[in-house]
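Be aware that the sequence shown starts at 13, since it is given in this note's numbering, and climbs by one per residue.
We treat Cβ as the ideally placed atom computed from N, Cα and C, and that holds for glycine.
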Amino acid sequence: MSQFTNEDEALLQSMLRQLLQSVKDKITGAPSVECAEEILLHLEETDENFHNYEFVKYLRQYINNTLGPVIEEESEKCTSIQNQTEVSGYDTLVQHVTKKTRESKHYRDMVHALKNVMMVVVESLINKFEEDRMCNKELDSKTKKKCQSDYYTDNCSDSDSSFNQSYTFMSQEQLQLLVEKLDPIQPKEVRQEALQMLCLAPPSDVLNSECWPNLRKHLMMSLSDPDAVFSEKVLRFYAKTFSSSPFNMTREVYTSLAQHLELYFLSGEYSLHISSGLDVSSADVNHILKKVRLLNEYQKEAPSSWIRYPEKYMEEIVESTLSLLSVKHDPNHPASSDFLSPIYFLALLDIKAVWFKRWTHAHYSRTVILRLLEKKYKSLINAAVQQCLDYFEFCKAAVSKTSRVNDFSQQHSYNEQTFFYTGSDLQYICFVHSLCLLGRLLIYKQGRNLFPVQLKNKKDCVSLTDLLVLFTQLIYYSPSYSKEALTAHTGCAADCLYTDAVMDALLDPLRSLLNGTEVYINCPETTLIDVADILARIAAAEDGLSVLLYGGNKNSAKENSPTAVHVIVQFTKKLLHDDISLLSGSELLQVVKGAFIFVCRQMYRTCEGLQMLIPYGLHESIGEAWKKASSLSERATGADSKSSISLDSKNVSLWEETLLDALLNFSATPKGLFLLHSTEAMSDCVSFMFNSLSKKHQQTNEREEFGNGVIVAQMATTPAAAVALQSSGFIKAFVAELWALLECGKDDVRLTQPKSTPVDPIDQSCQKTFLYLINLLTYPAVFELLSKQDIPNKPMYSHREVPTDIISIIDRIIILNSEAKIHSLFNYEQSHVFGLRLLNVLCCELNTLLLLETQYKVSEVLLTAQEENVTEASEGPGDFIIDSLSVERNHVLVRINLIGGPRERILPSRALDKGSDPYPWPMFSSFPLPKCYLAEAPRKDDFGQDKDLDKLLSILQNPGEQTEWAEICRTQFCKIMKTRPDIISGAILAELIEKFVLRLSESQSNCYFSMGRYKATDAGMKKESLSSVQQLGIEMTVRYGKYLNLLKEHAENELCSVLMNCEQFLKQQQRTVVSSLRCLQGRYAGYDWFASSVFLIMSGDGEKTLTFLQRFSHLLVSAFLWIPRLHMSMHLPITTVESGIHPVYFCSAHYIEMLLKAELPLVFAAFHMSGFTPSQICLQWITQCFWNYMDWSEICHYIATCIFLGPDYQVYMCISVFRHLQQDILKHTEAQDLQVFLKEEALHGFRVSDYLGYMESLELTYRPALLKDMRNIGVQNT
């Protein structure tokens, strides 16, 4: 059917005519040819009868008959090979068949035949249309003969319409004749005839002609012609010119129309007044609106074109517009204030000032507009401000008259379909337009520079702050106020919103509601929701948060005027307790509560914000509200179990989720997580988070990285939250996703080609999951999840057996000690490298290393694997095979069996070098390690006499009656640390801290903890009574001490005795706790790294070490340096003990994050972007006393600094480390491996003495708050 007959042509012509007749209205209403073409191209989308047209049915049948056999043939071919190979380059059968069909000869022939026949059909239709037009044309025969030879009818597709419109091309003489005929002095019939001929001429010819200036004058006068029909035709000429001419020509028409309107409004003919209202059904008003609407439509379109033309063209349009809008009566005129100016008409048509928004969007036009406003048309800004002030006064007057806010809310609820606008309606419409215009100005600095403005009826200027205060007050008075002007752009917020005056205006009604005084708020629920939204946006910005917390001037906050945060949190608590009478019984009460909880959430998600909110116990109020909602939800679920869920139960469920989300966000900070534990909602919050992530993952196939990444990292640092992550199914789902990436792939993904071979040790697709796993596996989490858990070690593993927990991951990809495990992996090498890299990071946390080594014999497994990875040799042992796995194992073995700082141990590289010897590091399959991995032991320097040191020792030896002896000692210590830090080591250091602690412990005022005396004894104590973790820790400590030349033989027994006695005398101060947490079921879960450090400082003298520790345990600093000191301690509240959270986390680590944000904002942002937390790595550093991160000399200086200068120096020390690492942190954040860097890398080049001055500066700012919080660790609910 590729050929068409004459009958087919006739049939197609008939059907095409029918189609065009059906869509005639749509096409003729199009403003241009391009629009008409777009309508036809998208007809199927817009016309519901599209598939019922005969023409469409005919084409569909023709295509089916022609291409049907081709499609069937290709489908059968694909089906026959579907189970054998994949179709290269195509995901679906449809795509392949479509491609083959379009490449076929049948398709080419069909397109060619259709094109030929449609050309004939369309040509016939055009000829027919032309004949009809000529026959029906009713013109004078003489005029027809005269014009017959003068014009050429153009029916090509370039015309304004492709169907039935023609242009008459005229010479300059003919155009000049038309201009003369359009002169207002000519008879009406002559002018009408001339206008009709003008409409047939191409607009571009008219505008480019020499006679355009005169024609422009005549057209402007014709627009005011008393004959409405004639002036309407002139307006149509303007509209046609706008739609079919380039910008450089249409500007002439626009300025002409604007000038006409300006003259009209200033003329005596115009006499409309605001007070009389406006009847838009009136012919005169309707005609004005048409003209203004034509201007407005062009205003909205012009910005898309004017950048391509000289700036003067755009400036002409802008100036003519501003000149028109500035029209007003003479101020001395009695009705000047009642004058219905052009801006009212523009506001009626574009109430949100979209035209101004588009004009100011680009810098190109914005600069011109703002310059003209400043120099010539500032009266426009004055009028807009005056309009807002007048409306505000009107609102206040209405409230005063009615004394009821709700009555006033009906003032502007006019019917949108009305044909008559009252004076109040017009004022309100102009107010909204002015508001949007001013709001747009506030976004830009140059726009804000237009203020202050001077109004005629006000003595004082109206400043930016005054304007924002006005906007704020309008929120409460006006029912329809849009908050967009107040929160239009965060860039202007610092100049506009962040002032005490604006905050006071925003919060004054809240203060009144708190105090129980009468306050007028229109639509209180929706208004308060809008206010909460504004406050939340302010709190989301750093500067805004600072204003809410500390006021506009942080350094001079008023004592007697509480800052915004206090008002907001008190109001939120009252809302939660249903103590706001204005809102009692409101259906939107829960929405209002949720909105203000969200404002508080924006604040307590930050450390500084939480500090301000803690005294109000907001977490307790939200927790109580959640418990109530949870019980209501359970009752509603039970009642609706056999019926459809009611709207009330859905609302209760939504309210419960809102409260859980609010509680969950407390865990964004260390102290917030501690507070969350006290609400007993931890498990529910984690379950809610997991369910929310699962829903989002299903919808977008992505995990929220930043927000919840930080929350998970915080939770993993505490035992209770880690258990909740496990019980909620979070860890199971995460492990399954990890396994899918490493091994199986996802079942719902159809693979059309094999995955590329990974070139990195950890493939890019697994990198994020690897980092997430590192965040998750801190020691508290590892202990809760792995303690006393045996490796499965099954005899057989299925390829489809997916791990479900952490122990399964360790079993399947780390401890590969059987052929069954190796053969169960699809990607053995890739997965095992992933596991070894994970093991390497985990073992950087020494407590985790001890746990894994004692429970799973990790070193033994790795050594065995190395021993088996050798070449076969006829004589003697074979050579180690160097591959990715053996290199990784070698690195891990050296790391986990050597203790030392950056200059004390040498770790082998995990990358091969170029050259003949790609891997120069010796491998081994048994201990001891090759000596090349041990750096040269530090020498004991013989320091000479030092006056400052002698002075310090003499004061410590005999402080006498000096009351300030401790402060003198601290000053002297700092002086020595800055000048000769190396002298504070060895026996000198031991003597210094021993005597200083002795003197402090002798004074009751310096003793934070009180306790009875303990007498050390070895009776009944055996090494076997220590846990396997402690025993291995002792071996590692002694090995390190011997390397440092600090310990001699039998030091191991001395250290055993110290640790056992420490355990005994600390046990005397412990509570009996019944808990499901494993860390609270007996002795301290980890190893005592601080006691071991003191043992090394005392050169292995057990008696001196124990005596020192007993005295040291009286001091506050012991709570933060000596982690086991407060294990299940009676000195802590029972709720703190039951949480399993150490004060180092909820106090020190909390302040580390707070100070980091203030002092090193780039570093803090880097942590946030990485989904990692400073508190997690700092807790690791502090717990193991910086072992493996600092050299021994720096560890000694860290301990001495904290003992001499105070426990808050622990916080300053960590901030100093981050400052030292700032550039590295930023670099590794960009490389997306910050967690790995911070955990694996030692602190190269960091010296405590270099940063002591910086730490002293931090002390001056932060010590009062820090020490106060540290001293309050024994207070309930801190």
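C-beta atoms of F1198 and L1246 nearer than 7 Å
no
Express the C-alpha separation of A637 and E646 in angstroms, rounding to a whole number.
14 Å
Contact under 7 Å by Cβ, F1120 with V1070:
no
Can you tell me whether R917 is helix, strand or coil according to DSSP?
strand
In this structure, how does DSSP classify H1209 when only helix, strand and coil are distinguished?
helix
Could you have a look at L462 and say whether DSSP puts it in helix, strand or coil?
coil
Name the residue from H108, Y488 and R72 whose alpha carbon lies nearest to the alpha carbon of K89.
H108
Quick check on D891: does DSSP put it in helix, strand or coil?
coil
Alpha carbons only, please: which of E244, F277, N220 and S1040 is nearest the one belonging to F259?
N220
Limits of the unbroken alpha helix (DSSP H) element including C1226
Y1221 to H1232
Residues near E328 in its chain [Cβ-Cβ closer than 8 Å; skip 5 each side]:
R263 and T267
Give the C-beta separation of M232 and H272 to the nearest angstrom, bearing in mind that I take them to be a contact with Cβ-Cβ under 8 Å.
4 Å
What are the start and end residues of the alpha helix (DSSP H) that includes G556?
E554 to Y562
Could you tell me the alpha carbon to alpha carbon distance between L269 and A551, rounded to whole angstroms?
48 Å
Do you know whose CA, among Q726, K780, S679 and N703, lies nearest K744's CA?
N703
Three-state secondary structure (DSSP) of Y1055:
helix
Quick one: what's got a C-beta closer than 7 Å to M27's C-beta in the same chain, skipping five residues either side?
E66, F67 and Y70
Below 8 Å, how does it come out for the region 810 to 827 and the region 846 to 864: are there three or more Cβ pairs, yes or no?
yes
Tell me the rounded alpha-carbon separation between T1147 and D929.
60 Å
Threshold first: 3 residues or longer. Then list the beta strand (DSSP E) segments lying entirely within the region 1242 to 1272, N to C.
none
Buried versus exposed call for Y1274 [16 or more other C-beta atoms within 10 Å across all chains shown]
buried
Alpha carbon of D696 to alpha carbon of A733, nearest angstrom:
11 Å
Reference H1232, options L1250, E1003, E1242 and E201, closest by Cα
L1250
Nearest to C508 by CA position, among D542, K470, Q208 and G556, is which residue?
G556
Opposing strand residues paired with D958 [DSSP bridges]
In DSSP, D958 forms no bridge with anything.
Can you confirm whether the region 296 to 305 touches the region 365 to 372 when touching is taken to mean that 3 or more C-beta pairs between the two stretches lie within less than 8 Å?
no
Does DSSP put Y433 in a helix, a strand or coil?
strand
Report the residue ranges of all beta strand (DSSP E) runs contained in full by the region 1103 to 1184; include only those spanning at least 3 residues, in chain order.
none
Assuming L1127 contacts Y1020 (C-beta within less than 8 Å), just tell me the rounded distance between them.
6 Å
So, with DSSP's three-state summary, where would you put H285?
strand
Contact the region 385 to 404 vs the region 306 to 325: 3+ CB pairs below 8 Å:
no
Can you tell me the Cα-Cα spacing of A42 and E56, whole angstroms?
17 Å
Which residues share a DSSP beta bridge with Q1082?
S1141
Whose C-alpha, out of D512, F583 and R114, is nearest the C-alpha of L540?
F583
In terms of DSSP beta bridges, what is F351 paired with?
H285
Could you tell me which residues DSSP puts in a beta bridge with D291?
F432
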